[in-house]
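What follows is a single structure, written as structure tokens, with notes after it.
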Amino acid sequence: MKYISLLILLLLLSFTLTSCCKFSNFLPKKTPVESDKSDYIGKWKSEDNDYIVIQKDGTGGFKSGNKEIDGGSVKITEKHITISLFGFEKKFKITSPPEFKNGKWF
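The letter at position 72 of the sequence shown is residue 58 when you use this note's numbering, and the numbering goes up by one with no holes.
Given below as structure tokens:
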């Protein structure tokens, strides 16, 4: 009987904690890339082989040094690209918007 009471108490506690916590805050929110930012869609590599990947559906990832995220949510503003996943985020400064020259994106 003692173990049944303890089990019931643990179940109630887990349901309470689950309902109080908003796990959805840590999940990537898919918001498609806005049409005026569609030039950012693709894989962008730096000279040292770090990269950012931006998908049309608003997800993406990056590799920078020893950090790597794949499948995170992407937010693009005029000054920054932010990629976040499960509460971790990396913000990249935009020094100039993408430009298409001589058949290549820069």
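Where a beta carbon is used, it is the ideal one built from N, C-alpha and C, also for glycine.
Whole-angstrom distance between residue j and residue i, CA atom to CA atom
i: S70; j: D34; result: 22 Å
i: K16; j: S(-9); result: 42 Å
i: D43; j: D36; result: 22 Å
i: S0; j: G73; result: 22 Å
i: F92; j: I38; result: 13 Å
i: L94; j: Y(-11); result: This structure cannot settle anything about residue 94, because the visible part of the chain is limited to -13 through 92.
i: H66; j: V60; result: 10 Å
Beta-bridge pairing of residue i - partner residues as DSSP gives them
i: K93; result: Look at the range of the chain in this structure, -13 to 92, and you will see that residue 93 is not part of it.
i: K79; result: H66
C-beta contact flag for residue i and residue j at 8 Å
i: G57; j: T45; result: yes
i: P84; j: D22; result: no
i: K77; j: K53; result: no
Exposed unless 16 or more other CB atoms sit within 10 angstroms - verdict on residue i
i: G51; result: exposed
i: G47; result: buried
i: S32; result: exposed
i: I80; result: exposed
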